[in-house]
Amino acid sequence: MDTLLRDDDTWTVAGRQFRSRLVVGTGKYKDLEETAQAIEASGAEMVTVAVRRVNLADRGAPMLQDYVDPKRYTYLPNTAGCHTANDAVRTLRLAREAGGWNLVKLEVLGPPPHLYPDMPGTFEAAEALIRDGFEVMVYCADDPLAAKRLEDMGCVAIMPLGAPIGSGLGVQNPAMLSMIIEGAGVPVLVDAGVGTASDAAIAMEIGCDAVLLNSAIAHAQDPVRMARAMKAAVEAGRHARLAGRMPRRMGAEPSSPLTGLIR
Amino acid sequence: MVDISVNGEPRAIPPGHTVAALLGTLGLDPRKVAVERNEAIVSRSQYEATPLDPGDQIEIVHFIGGG
Chain A
3 MDTLLRDDDT WTVAGRQFRS RLVVGTGKYK DLEETAQAIE ASGAEMVTVA VRRVNLADRG
63 APMLQDYVDP KRYTYLPNTA GCHTANDAVR TLRLAREAGG WNLVKLEVLG PPPHLYPDMP
123 GTFEAAEALI RDGFEVMVYC ADDPLAAKRL EDMGCVAIMP LGAPIGSGLG VQNPAMLSMI
183 IEGAGVPVLV DAGVGTASDA AIAMEIGCDA VLLNSAIAHA QDPVRMARAM KAAVEAGRHA
243 RLAGRMPRRM GAEPSSPLTG LIR
Chain B
113 MVDISVNGEP RAIPPGHTVA ALLGTLGLDP RKVAVERNEA IVSRSQYEAT PLDPGDQIEI
173 VHFIGGG
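Heads up: the protein sequence lines correspond to chains A and B, in order.
Residue numbers for the first sequence follow this note's numbering, beginning at 3 and rising by one.
Residue numbers for the second sequence follow this note's numbering, beginning at 113 and rising by one.
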């Protein structure tokens with residue numbers, strides 16, 4: 003148990019308290035066995051899940067719930083693949099019925115190749131979902147005005163992208179993310195773009211409350227080891243944020259005393 | 113028989129079949145799925161009481177891995 007990150011260093015979304023600041027996806031793994039192992043290694047307490055048609059031709063196939071226990075992990079149903087507000091709302095209503103969870107991840111995406119957040123569609127869906135009693139964690143553009151508007155509408159967490167979904171390009175927009183964090187009264191998570199451990203640490207150093215990622219672990223050569231790396235990186239970044247970094251300076255400053263040198 | 117669509121596939125069911133009967137025929141655990149009938153949620157408590165009509169569009173979904 004880490005004694006430096008005190009037990010009270012938690013974050014809260016929609017009244018639910020979490021110790022882990024890493025939220026992980028459950029997609030793209032080789033199999034459900036690997037999914038379960040990687041999630042365990044990540045230390046995550048919240049996992050994103052997708053909602054899809056049951057495959058009627060292969061009904062005996064193993065199910066996610068049998069490997070990732072919804073009693074142990076907070077399931078955060080997403081709207082991945084939804085390109086209209088209507089699709090997103092239908093999908094999450096089904097998710098609520100399947101699992102009984104009001105806490106959801108909304109994403110309304112534009113077309114490939116960037117899959118950039120479709121903000122008009124996102125606003126429309128967020129409004130409908132909030133009216134319907136959902137607690138909405140929202141994937142969005144790194145736009146401080148959009149972020150504020152989503153918060154004012156009642157979204158419970160703002161989740162701007164660091165780079166396009168699945169790109170692994172890292173946090174490309176630290177200045178914009180800082181501005182969003184500065185103005186936010188609800189948790190801010192980087193969602194999408196993290197490629198490796200240092201990216202997750204950077205997101206936490208900027209001041210994010212948590213990091214959401216999937217591909218960076220699932221597409222690593224060794225997903226379980228990368229899950230461990232992400233856990234350590236998020237903790238390292240959080241420590242660094244709380245510690246307060248030294249100021250940047252344009253010149254050198256010796257670390258050893260200049261007095262007492264031999265002559 | 114009554115012609116309906118389940119997850120986009122045509123399917124013929126006996127007259128008077130309910131959502132509960134359909135799930136039973138398909139061998140699905142009602143606790144692990146959610147059902148939409150003509151774009152409206154059918155709540156779990158209504159499966160027994162919801163008969164299927166000709167032309168109904170049924171969606172049956174569950175949770176899978178996703179990011």
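All residues carry an ideal CB built from backbone N, CA and C; glycine is no exception.
None of the values given here were measured: they were computed from a predicted structure.
Inter-residue Cα distance where the pair is residue i and residue j
i	j	result
V114 of chain B	V49 of chain A	40 Å
P64 of chain A	N88 of chain A	30 Å
A124 of chain B	I116 of chain B	6 Å
A132 of chain B	D168 of chain B	15 Å
P176 of chain A	P259 of chain A	35 Å
P256 of chain A	A46 of chain A	41 Å
R95 of chain A	I132 of chain A	12 Å
K130 of chain A	I176 of chain B	In the sequence under discussion, the amino acid at residue 130 of chain A is Ala, which differs from the Lys named in the question. Answer to the nearest angstrom: the Cα atoms are 24 Å apart.
P162 of chain A	A43 of chain A	25 Å
V236 of chain A	Q158 of chain B	44 Å
D224 of chain A	Y69 of chain A	19 Å
A205 of chain A	V192 of chain A	7 Å
E35 of chain A	Q67 of chain A	12 Å
W13 of chain A	F125 of chain A	25 Å
L135 of chain B	L117 of chain A	35 Å
L147 of chain A	D154 of chain A	10 Å
M3 of chain A	Q19 of chain A	Note that M3 of chain A has pLDDT 49, beneath the 50 cutoff, so the model's placement of it is unreliable and the number below is only indicative. Approximately 18 Å, taken between the alpha carbons.
G135 of chain A	A220 of chain A	32 Å
G187 of chain A	D145 of chain A	15 Å
Whole-angstrom C-beta distance between residue j and residue i, which should lie under 8 Å
i	j	result
G172 of chain A	G197 of chain A	5 Å
A194 of chain A	A165 of chain A	7 Å
G128 of chain B	P166 of chain B	Actually they do not touch by this definition, with Cβ atoms about 12 Å apart.
A203 of chain A	A238 of chain A	5 Å
V56 of chain A	V145 of chain B	6 Å
S217 of chain A	G178 of chain B	With a Cβ gap of about 11 Å, S217 of chain A and G178 of chain B do not count as contacting.
A159 of chain A	M139 of chain A	4 Å
L78 of chain A	V53 of chain A	Their Cβ separation, rounded to whole angstroms, is 11 Å, which puts L78 of chain A and V53 of chain A out of contact at 8 Å.
L58 of chain A	N119 of chain B	6 Å
A149 of chain A	I182 of chain A	5 Å
Within chain B, partners of residue i - CB distance below 8 Å
i	result
K30 of chain A	G177, G179
V51 of chain A	F175, I176, G177, G178
N80 of chain A	G178, G179
Q67 of chain A	K144, F175
T37 of chain A	G177
Y77 of chain A	F175
S217 of chain A	G179
Helix, strand or coil at residue i according to DSSP, with G and I counted as helix
i	result
S117 of chain B	strand
A16 of chain A	coil
E171 of chain B	strand
I182 of chain A	helix
T198 of chain A	coil
R250 of chain A	coil
P119 of chain A	strand
D211 of chain A	coil
I264 of chain A	coil
G128 of chain B	coil
V236 of chain A	helix
L140 of chain B	coil
A161 of chain B	coil
A59 of chain A	coil
I282 of chain A	Residue 282 of chain A lies beyond the residue range present for chain A, which begins at 3 and ends at 265; the question has no answer from this structure.
P166 of chain B	coil
A82 of chain A	coil
L180 of chain B	Any answer about residue 180 of chain B is impossible in this case: the structure gives chain B only from 113 up to 179.
R230 of chain A	helix
L111 of chain A	strand
Chain A residues whose Cβ lies nearer than 8 Å to that of residue i
i	result
R202 of chain B	Residue 202 of chain B lies beyond the range of chain B shown here (113 to 179); nothing can be said about it.
V145 of chain B	V56, A100
Beta-carbon neighbours of residue i, restricted to chain A and to distances below 9 Å
i	result
L140 of chain B	V56, L58, R61
N119 of chain B	R55, V56, N57, L58
Enclosing beta strand (DSSP E) for residue i [first to last residue]
i	result
P162 of chain A	159-162
E137 of chain A	137-142
T76 of chain A	76-79
V91 of chain A	Per DSSP, V91 of chain A belongs to no beta strand (DSSP E); it is in the alpha helix (DSSP H), 87-101.
D190 of chain A	A small correction: the amino acid at residue 190 of chain A is Val; Asp does not occupy that position in the sequence shown. Run containing V190 of chain A: none; DSSP gives neither H nor E here.
E148 of chain B	146-149
K107 of chain A	105-108
L24 of chain A	24-27
A152 of chain B	152-154
Start-to-end residues for the alpha helix (DSSP H) that takes in residue i
i	result
E35 of chain A	34-44
M155 of chain A	146-155
L66 of chain A	66-69
I219 of chain A	217-220
heavy atom of the ligand MN below 7 Å from residue i C-beta
i	result
A231 of chain A	This structure lacks the ligand MN, and indeed carries no ligand of any kind.
Chain-ordered neighbours of residue i on chain B, where CB pairs are closer than 9 Å
i	result
R92 of chain A	E148, E151, I153, E171
Y141 of chain A	Ordered by position in chain B, no residue passes the 9 Å Cβ test against Y141 of chain A, which lies about 10 Å from the chain.
Per-residue contacts from residue i into chain B (C-beta, under 7 Å)
i	result
R95 of chain A	I153
G27 of chain A	G178, G179
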